[in-house]
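Counting along the sequence shown from 1, when you hit position 118 you're at 98 in our numbering, and nothing is skipped either side.
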Amino acid sequence: MLKGKIIVFEGPEGSGKTTQANRVFKFLKNKYKKVIFLREPGGVKISEDIRKIILNPKNKKMCALTELLLYEAARAQLVCEKINLLLKKGYIILMDRFYLATTVYQGYGRGIKKQIINYLNKLVTNNIKPNLTIIYDVSRKEALKRMKTRKKMDRIEQENDRFHEKIRKGYLNEGKLIKAKIIRTDGKNTDDVFKETKEILQKVILWQ
């Protein structure tokens, strides 16, 4: 029986999800011993190596199916090497993206059939489901403004506006289906968003 919890932070590029995930990790680390922060793709060496291939801007010829299978391979390794064990040990696992990202990016963004993605997601995760998914929504205009501060953008970040609009739509559609918590971040500073995040989290993880 799995004793731990998985909390997933999702959203389009520039949504601020990674900033919030890091803040939550620092906050919970002061309250619980068994808390860990993982990212996708990545989290273990093999998955981090796959991440470099996926996100390398030089790999412009990568086809959609190759991309999907690389994401799933990275996830499979993370689950079998780390997540399964951490859940059994009772860890709170904070995830910067999980399989919802594949449903959105490879489904809505690349046009791969949802049935194929769902099958692969279930296969590589042993049908593990998050206890909570928070989606940080942001308009494309605001996202671009935030991303201007980045020194360089990866292959996915460099996709055109049409692609990124599909991603935003995908997150909103899928978020409703899985009853994820959606936080709008336009016009809000990181402290305001963190306050909303903590209010949502407290219903899943109790602290004093």
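Quick reminder that beta carbons are idealized off the backbone N, C-alpha and C, glycines included.
Here the structure is a predicted model, which is why all the values come from computation and not from measurement.
Straight-line Cα distance separating residue 121 from residue 129: As the crow flies, the alpha-carbon of residue 129 is around 14 Å from that of residue 121.
- prompt: Looking only at DSSP bridge pairs, what is residue 96 linked to?
  reply: According to DSSP, which records beta bridges pairwise, residue 96 is partnered with nothing at all.
- request: Please look up how many angstroms separate the CB atoms of residue 23 and residue 58, rounded, as I've assumed it's under 8 Å.
  value: Contact between residue 23 and residue 58 holds, with the beta-carbon distance rounding to 4 Å and staying under 8 Å.
task: With a threshold of 16 other CB atoms inside 10 Å of the CB of residue 79, please say whether the residue is buried or exposed.
output: In summary, residue 79 is buried, with 16 or more beta-carbon neighbours lying within 10 Å of its beta-carbon over all protein chains present.
- prompt: residue 183: which of -11, 173 and 161 sits nearest, CA to CA?
  reply: The shortest C-alpha separation from residue 183 is found at 161.
- request: Starting from the Cα of residue 148, find the closest Cα among 139, 158, 117 and 6 and give me that residue.
  value: Measuring from the Cα of residue 148, the nearest candidate turns out to be 117.
- prompt: Leaving out the 5 sequence neighbours to the left and right, which residues in its chain are closer than 8 Å to residue 123 when beta-carbon positions are compared?
  reply: Cβ within range, chain order: -8, -7, -6, -5 and 144.
field: For residue 104, the nearest candidate out of 141, 48 and 139 (CA to CA)
entry: Considering only 141, 48 and 139, the residue with the shortest C-alpha distance to residue 104 is 48.
query: With C-beta atoms as the reference, is residue 25 less than 8 Å away from residue 71?
result: No, Cβ-Cβ distance for residue 25 and residue 71 is not below 8 Å.
message: Suppose you measure from the CA of residue 192 to the CA of residue 137; what does that come to, to the nearest Å?
response: Nothing can be reported for residue 192: it is not among the residues displayed for the chain, which extend from -19 to 188.
task: Answer yes if the stretch -2 to 13 comes into contact with the stretch 81 to 98, meaning at least three C-beta pairs across the two stretches below 8 Å, and no otherwise.
output: The stretch 81 to 98 vs the stretch -2 to 13: no contact.
message: With a threshold of 7 Å on Cβ separation, who are the neighbours of residue 155 within its own chain once the five nearest residues in sequence on each side are excluded?
response: Beyond the five residues adjoining it in sequence on each side, residue 155 comes within less than 7 Å, by CB distance, of 115 and 162 in the same chain, given in chain order.
- request: Classify residue 188 as helix, strand or coil using the three-state DSSP reduction.
  value: Caution applies to residue 188, whose pLDDT of 48 falls short of 50 and renders its modelled position unreliable; the model cannot decide the point.
- prompt: Apart from the five residues on each side of it in sequence, which residues of its chain come closer than 7 Å, Cβ to Cβ, to residue 12?
  reply: Result list for residue 12: 72, in chain order.
- prompt: Who are the near neighbours of residue 62 in its chain, counting only those whose CB is closer than 8 Å to its CB and skipping five residues on each side?
  reply: Result list for residue 62: 18, 23 and 24, in chain order.
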